[in-house]
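There are 2 protein chains.
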Amino acid sequence: MRPRLTDVAEAAGVSMKTVSNVVNGSVHVREATRQRVLDAIDNLGYRPNIAARNLALGRSGVIAFAVPQLDRPYFASLAARMLDEAETFGWIVQFHQTGGRREAELALLTDRHPARLDGIIMSPLGLTPEDVQQRDPALPLVLLGETAGEQHLADHVGIDNRDAGRVATDHLLALGRRRVMALAPGPGLIDVRINGYRDALAAAGLPADEDIVLATGGLRGEDAERTLGRWLDSGNPAPDAVFAATDWLAMGAIRALVLRGLKVPEQVAVVGFDDIPYDLATLPTLTTVAPDRVAIARLALQALRDQQPDADPLRLQAPFTLVVRESTAGIS
Amino acid sequence: MRPRLTDVAEAAGVSMKTVSNVVNGSVHVREATRQRVLDAIDNLGYRPNIAARNLALGRSGVIAFAVPQLDRPYFASLAARMLDEAETFGWIVQFHQTGGRREAELALLTDRHPARLDGIIMSPLGLTPEDVQQRDPALPLVLLGETAGEQHLADHVGIDNRDAGRVATDHLLALGRRRVMALAPGPGLIDVRINGYRDALAAAGLPADEDIVLATGGLRGEDAERTLGRWLDSGNPAPDAVFAATDWLAMGAIRALVLRGLKVPEQVAVVGFDDIPYDLATLPTLTTVAPDRVAIARLALQALRDQQPDADPLRLQAPFTLVVRESTAGIS
DNA sequence: CTGAAAGCGCTTACAG
DNA sequence: CTGAAAGCGCTTACAG
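Quick note, the sequences are listed as chains H and L, same order. Throughout the first sequence, residue numbering follows the working numbering, covering 1 to 332 in sequence. Throughout the second sequence, residue numbering follows the working numbering, covering 1001 to 1332 in sequence.
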């Protein structure tokens, strides 16, 4: 059997309470006593039983991290950081895949699953503001991502999408490009990034040409490839740059361009958004906006820990950077 | 407060034991009593407290799933399946990232972390057979992947790499290719896949030309790009097909080929291995060997659950399929 | 088939 | 600063 707190207490000749005080830090314990307890712990190889601790504290020690799909690179890389950072907070992270379905997201909120949770961090897709408002206020919730709009009554962590869109577009303009196309799924979905694109054009004194703001109708690369492909095939003059609202759209755009003989980036420079970990999967590799995932994870965990049932929802912003790769800098 | 087992017992007018019997199925309970208990559970909204159950059972209800990096697409997609399947087994999955470092993998085996584990499923990189042999036999362990060799004294789940290498190469030969190059990191690392390649050539009556079996010296795409690039630049006649031991190597190979003006697949067909979820990130998309990840996850979980401390190590094989995409079939 | 009671290993008022 | 004891919510021999 594994040594218990009692065993340590006995070996050190003190009470359980004293051992507990030593193990959990905080309280003042005489240095000699403390040393004796630590020695006993070392000798016995004692480690606290988490299930018992959680039972006593009325916690589970588990938080849920819910994303549409864990095998999508953006979420996988975010999950990896969340795992790293949660350790610091003493939380076990229980990953959940919602498929972006409202029912699955809602089921998590209403905690209709056996393991009780200390809180939930979710990147929602289908959740309505009403769903969020009607949730159990005793279960801390932090929302992530761009689809969780301002209207949600819950803490939220994201990046400044508008500013990031501006920075990405500025980069293209700084390369001397003047006919910059924008690609986004369509109204309502991450189109705030396109507002940043418009900001950049305006700041550069360029006319806003809404004819080259294309709605792909979907988030998949195929959507972008089809949309841009048809547009090019209709005889429209090619842009000299493309700002895509996500990396997947950027990759679809590159396919459409390259398959029509246009050189990226010589003739058309392309910038994506999200910095999904694709290394050199794409040819050329993708210049993109990289959200600071470590910061996102850390901010979300802090917000979860510090959440008060009655407080106003927090709006937290993580930094981002522009990572310049071959799709704008060229292949060396 | 949440209702407890006692509350249900009181409401139903029975003892805790009877409620427990109903909740945990198995034992015979009179139908009328059972119904009364179920009604009480429903009325009170009772759900068992997992921490308390685990404490009573001496389990943690948590298993570890350890991979080098969760944000590498192969592991992310495997983790996603593991999550789905573990639910069936009633396990919470605690993901771990070892970075492939032996110390991190060993630390997990020796359970030097606060939460006790019911078992570990690991895709090891640095672990030695001695490490595995000297582990705590009370902590069930299942190894995954190709780097966990036959010599490891633990249950193992994988696919038939040799046969998969043969199937991949057969596909290239069936396309009429005759000068098929093989790319692998080098001796000892997943080179059993290359043995399958040799099997296919031999079966087709083609001479084995070890000059076109290239060792990249590493697992990254860059390694393949550099190795194949130099080889081509040295004036060697290009192959008409490449079998790469991993998708990343295949992507590096495609870069090397395309950047030198060779058309894929018209001039050089390429097959990868692993089916990492890249959709249309690569141009052309990648024909590849797809291990059945659901089967891998399920077999690993079953093996973990059924593991006996003294039994001989199990060798389990999951099925695979060849997924034909543009890098051999062409772009339609 | 059903019940009363001990025990799982912690934490934390409450005393001293 | 330290200790004895109750309690967290389950499971499971052990009786009946």
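Glycine included, each C-beta is placed from N, C-alpha and C at the ideal position. Everything numeric in this text was worked out from a predicted model, so none of it was measured.
Where does Leu127/H sit, in a helix, a strand or coil, going by DSSP? coil
Do Val1271/L and Leu1322/L have their C-beta atoms within less than 9 Å of each other? The answer is yes: Cβ separation under 9 Å.
Chain L contacts made by the segment 59 to 86 of chain H, where a contact means CB separation under 9 Å: Arg59, Ser60, Gly61, Val62, Gln69, Leu70, Asp71, Arg72, Pro73, Phe75, Ala76, Ser77, Leu78, Ala79, Ala80, Arg81, Leu83 and Asp84
Do the segment 1152 to 1164 of chain L and the segment 1185 to 1197 of chain L make contact, defined as three or more Cβ pairs closer than 8 Å? yes
Should the segment 66 to 85 of chain H be regarded as contacting the segment 28 to 40 of chain H, the criterion being three or more beta carbon pairs within less than 8 Å? no
I'd like the span of the beta strand (DSSP E) that includes Ala1318/L, first residue to last. Arg1315 to Ala1318
Would the beta-carbon of Ser104/H fall within 9 Å of that of Thr110/H? In the sequence under discussion, the amino acid at residue 104/H is Ala, which differs from the Ser named in the question. No, they are not a contact pair.
Residue range of the alpha helix (DSSP H) that includes Ile296/H: Where Ile296/H is concerned, the enclosing alpha helix (DSSP H) stretches over Arg293 to Asp306.
Under 7 Å from the C-beta of Gln1094/L: neighbouring residues of chain H: Ile92
Here's the rule: buried if 16 or more other CB atoms are within 10 angstroms of the residue's CB, otherwise exposed. What is Pro207/H? exposed
Element boundaries [alpha helix (DSSP H), containing Leu257/H]: Asp247 to Leu259
Which term fits Arg230/H, buried or exposed, when burial requires 16 or more other beta carbons within 10 angstroms of its beta carbon? With fewer than 16 neighbouring CB atoms inside 10 Å of its own CB, Arg230/H falls in the exposed class.
Please list the partners that Val324/H has in chain L, where partner means a Cβ-to-Cβ separation under 8 Å. Result: empty, since nearest Cβ-Cβ is about 18 Å, beyond 8 Å.
Neighbouring residues, chain H, relative to Asn1161/L (Cβ below 7 Å): Going along chain H, no residue has its Cβ under 7 Å from Asn1161/L, so there is no contact; the nearest lies around 22 Å.
What is the DSSP secondary structure of Gln151/H, reduced to helix, strand or coil? coil
Can you check whether the CB of Phe1320/L is closer than 9 Å to the CB of Ala1290/L? Their beta carbons are under 9 Å apart, which means Ala1290/L touches Phe1320/L by this criterion.
Taking Cβ-Cβ distances below 7 Å as the criterion, which residues of the segment 1230 to 1251 of chain L are in contact with chain H? Those would be Met1251, in chain order.
Closest to Ala1200/L by CA distance: which of Leu1172/L, Asp1136/L and Gly1252/L is it? Leu1172/L
Gln97/H at chain L interface by Cβ criterion, 9 Å: yes
Taking only runs that begin and end inside the segment 1075 to 1117 of chain L, name each unbroken beta strand (DSSP E) of 3 or more residues, in chain order. 1092 to 1097
Answer yes or no: do Val23/H and Ile41/H have a C-beta to C-beta separation smaller than 9 Å? Using a Cβ distance threshold of 9 Å, Val23/H and Ile41/H count as a contacting pair.
For Leu259/H, return the contacting residues in chain L, with the cut-off set at a CB-CB distance below 9 Å. Leu1283 and Ile1331
Would DSSP call Ala11/H helix, strand or coil? Three-state DSSP puts Ala11/H in a helix.
Among all the DSSP beta bridges, which residues are the ones paired with Thr1227/L? Per DSSP, none; premise fails for Thr1227/L.
From which residue to which residue does the beta strand (DSSP E) around Ile1120/L run? Gly1119 to Met1122
Could you check which residue in Glu1130/L, Leu1125/L and Ala1012/L has the C-alpha nearest to that of Leu1144/L? Leu1125/L
Compute the distance between the beta-carbons of Pro1081/L and Val1294/L, then report whether it is under 9 Å. For clarity, residue 1081/L is Arg in the given sequence; the question names Pro instead. Closer than 9 Å, so yes.
So, do the segment 1004 to 1013 of chain L and the segment 15 to 22 of chain H have three or more beta carbon pairs nearer to each other than 8 Å? no
Could you confirm whether any beta carbon from chain L is found closer than 9 Å to the beta carbon of Ala168/H? no
Using alpha carbons as the reference points, say which of Asp1131/L, Phe1089/L and Gly1119/L lies closest to Arg1101/L. Asp1131/L
So with CB distances below 7 Å, who are the chain H contacts of Leu1055/L? Ala51, Ala52 and Leu55
Based on DSSP bridge pairs, tell me the residues matched to Glu1038/L. A quick correction: the sequence has Leu, not Glu, at residue 1038/L. Its beta-bridge partners do not exist; DSSP assigns none.
On the CB-based measure, 16 or more other CB atoms within 10 Å of its CB, does Gly1158/L come out buried or exposed? buried
Hey, Ala951/L and Pro1313/L are a contact pair by Cβ (cut 8 Å); roughly how many whole angstroms apart? Residue 951/L cannot be examined here, being either before or after the span of chain L that is shown, 1001 to 1332.
Just checking: is the beta-carbon of Ile1254/L within a distance shorter than 9 Å of some beta-carbon in chain H? Answer yes: the Cβ-Cβ gap between Ile1254/L and chain H drops below 9 Å somewhere.
Buried versus exposed, by CB contacts within 10 Å (16 or more), Pro187/H: exposed
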